[in-house]
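For reference, the structure is listed below as structure tokens.
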Amino acid sequence: MEERMGNCWSYTKDQFDNLEKHTQSGIEFVERYSKFVKERSEIEINYAKQIRNLSKKYQPKKNSREEEENKYTSCRAFLSTLNELNDYAGQHEVIAENLTSQIIAELSRYLTELKAERKLHFNDGRKAQQQIEISWKQLESSKRRFERDCKEADRAQQYFERMDSDINVTKADVEKARQQAQMRHQMAADSKTEYSNYLTKFNQEQNEHYYTLIPNIFQKLQEMEERRIERVGVSMKTYAEVDREVLPIVGKCLDGMTKAAESIEPKTDSKQVVESYKSGFEPPGDVEFEDYGPGQTMKRTVSETSLSNSRGEAKERPGGGKSKGKLWPFIKNKNKLSLKLGSGPEDFSHLPPEQRRKKLQAKIDDINKDIQKEMDQKDALTKMKGVYEKNPQMGDPASVDPRLAEIAMNIEKLQSEMQKFEGWLAEVEGRLPWKSDPSRRQSGLYETQNSNSTTVANNCAQDRESPDGSYTEEQSSETQVKVAIANTPEFDDEFDDGDEETLPTIGTCKAIYPFEGHNEGTISVTEGELLYVIEQDKGDGWTRVRRNEEEEGYVPTSYVEVFLETNAKGAMTYI
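Okay, so the sequence shown: first residue is 0 according to numbering that gives the first Met the number 0, each after it adds one.
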């Protein structure tokens, strides 16, 4: 019996050991798969980072030759490819992010739960095993005690019978032996009852152990293992879906690269090159025939427009001064290095006529923009000064004067620059073989009122042409550019609220705070009130609004939420 029970317990323990090893192996497999996904995610992140760095590396740098080349369709296509490549890298970052959130994090959380559940089931199994072993030991102990008591009762009975048959023993000793035998028999009966009870209890617990507890534990372990396997399968499916989800966007990135490649137009690029580098020089004139005579040396005279003049033999122009040397095709320019270093003269006279015209026009456009910025600031400050004059409690009007004076000086300086560059531009356009459109030289801010009032006097640098066709320049210290523009209209910056036309609405606004508007020129508003915007904030902190056709005024910009119409100038939404 004991041997059979020992075999059963040993078999059960072996089963638990096998299950423990198997479930531990399953947990290690999940951990290994999670590590695999984590390393894949790190690869995707590093790959995306390298792709982004590659895209950034080949992006054109600001104020560089590469940025200037973006006017060519091939360069723009390459830039589009770099941008698409950047988006392509973003999709790999999405893959890494989804792998981390949908698989790695989920498996990490599941592993914690799985280990806790596994530990609980094996603890239940160990407790059941310990309980059955304790019950078996109690049964064995009661059985040995019953056996011992029975033997003691038999010896006590035999002793009593010997005493009773011995005539030399007193009656008291016989009675004592009889009582001792009865007591031992009672103890044996009690041990028998106890042994019987423990046996019944053990059989019940053993039956429950092998038919209920252990099967339930094994069933739970089996279900736990099946759920683990199922979770691994779901993770593997998710692993594939994460890649599949980004395929449409990756496809769009590749389509964008293909579209960029198809947008390349060789003829357009070649026309851009022609437009960028055409010089504007006139073709050289015919070389006159010079006959040879005895004792005469043939002069090395050439036409003004010929390919090469002798060193120091520049022809005099009708108006005085020397003819300007020319940069001819396939003739190396010795001043190329100085041009690259930006050491050319301010009037760009080192450039061919057409290139010089473009540079001067670009410079004039930049000055136009600067003047417009200064004028906008002047308008805003003038308006602020007018508000302060009408409402002294809001600020001191004199505090605005230094800034207005500074802006006026800036405008005067910029206008002087404008006159200087327009004079040079007029000179270049007068020398070109074709007449440029006069509108090309309009500044957009002011015009000359009298065509006779502009005098351009520009004693340009005297040029020398080297024998190989390139040229150098010497800037005379007496070179001056004098441009006088008469009747230049003054800018009217006076702030006037009276007798002006009804301004059109450029948007709406909603009051976010109440404003009393006691001062002249202001208007009171209540919180949540809707009004029309007729003039946006010019930098003075006030916005002009209208309630109806007759009621309008200024409110603090910080008190309203403004919504400008999209077609309004400088439209934007601000609070």
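Cβ coordinates follow ideal geometry from the N, Cα and C atoms, glycine included.
query                                                                                                              : result
Spatial distance of residue 504 from residue 542 (CA atoms)                                                        : 12 Å
Complete beta strand (DSSP E) runs within the segment 135-185 (minimum length 3 residues, chain order)             : none
Residue interval of the alpha helix (DSSP H) (run including residue 546)                                           : That residue, residue 546, is in no alpha helix (DSSP H); it is neither H nor E in DSSP.
Expected contact under 8 Å - CB spacing of residue 346 and residue 423 to nearest Å                                : 5 Å
Beta-carbon proximity check, residue 225 vs residue 141, cutoff 7 Å                                                : no
Close Cβ partners of residue 85 (< 7 Å) along its chain, the five nearest in sequence each way excluded            : 51 and 54
Residues near residue 256 in its chain [Cβ-Cβ closer than 7 Å; skip 5 each side]                                   : 80 and 83
Enclosing beta strand (DSSP E) for residue 70 [first to last residue]                                              : Careful: residue 70 lies outside any beta strand (DSSP E) and carries neither H nor E.
Per-residue DSSP class, three states only, for residue 537                                                         : coil
Alpha-carbon spacing of residue 18 relative to residue 207, whole angstroms                                        : 21 Å
Proximity of residue 128 and residue 197 at Cβ, strictly below 7 Å                                                 : no
DSSP bridge partner residues for residue 509 (one or two, in chain order)                                          : 529 and 560
Expected contact under 8 Å - CB spacing of residue 57 and residue 91 to nearest Å                                  : Actually they do not touch by this definition, with Cβ atoms about 18 Å apart.
Selection from 419, 374 and 429 that minimises the alpha carbon distance to residue 408                            : 374
Given residue 14 as reference, the closest of 31, 220 and 134 once Cα atoms are compared                           : 220
Boundaries (first-last residue) of the alpha helix (DSSP H) holding residue 217                                    : 213-261
Beta-ladder partner(s) of residue 514, from DSSP                                                                   : 524
Residue range of the alpha helix (DSSP H) that includes residue 370                                                : 352-389
Beta-carbon proximity list for residue 521, same chain, < 6 Å, skipping 5 on both sides                            : 552 and 553
For residue 390 and residue 519, the rounded distance between their alpha carbons                                  : 7 Å
Buried or exposed (CB count within 10 angstroms, at least 16 for buried), residue 371                              : exposed
For residue 117, the nearest candidate out of 21, 34 and 199 (CA to CA)                                            : 21
Simplified DSSP state of residue 542, which is helix, strand or coil                                               : strand
For residue 503, the three-state DSSP class (helix, strand or coil)                                                : coil
Straight-line gap, residue 99 to residue 277 (C-alpha atoms, nearest Å)                                            : 58 Å
Three-way DSSP call (helix, strand, coil) for residue 32 in this model                                             : helix
Three-state secondary structure (DSSP) of residue 286                                                              : coil
Alpha carbon of residue 94 to alpha carbon of residue 242, nearest angstrom                                        : 6 Å
Whole-angstrom C-beta distance between residue 148 and residue 186, which should lie under 8 Å                     : 5 Å
Outcome for residue 539 when other beta-carbon atoms lying within 10 angstroms are tallied against a minimum of 16 : buried
Separation of residue 251 from residue 260, as counted between CA atoms                                            : 14 Å
Residue environment, residue 352, which counts as buried when at least 16 other CB atoms sit within 10 Å           : buried
Pick from 382, 516 and 146 that is closest to residue 537, judged by C-alpha positions                             : 382
Sequence-distant residues of the same chain with beta carbon closer than 7 Å to residue 87, five excluded per side : 50, 249 and 252
DSSP state of residue 293 mapped onto helix, strand, coil                                                          : coil
DSSP-derived helix/strand/coil call for residue 57                                                                 : coil
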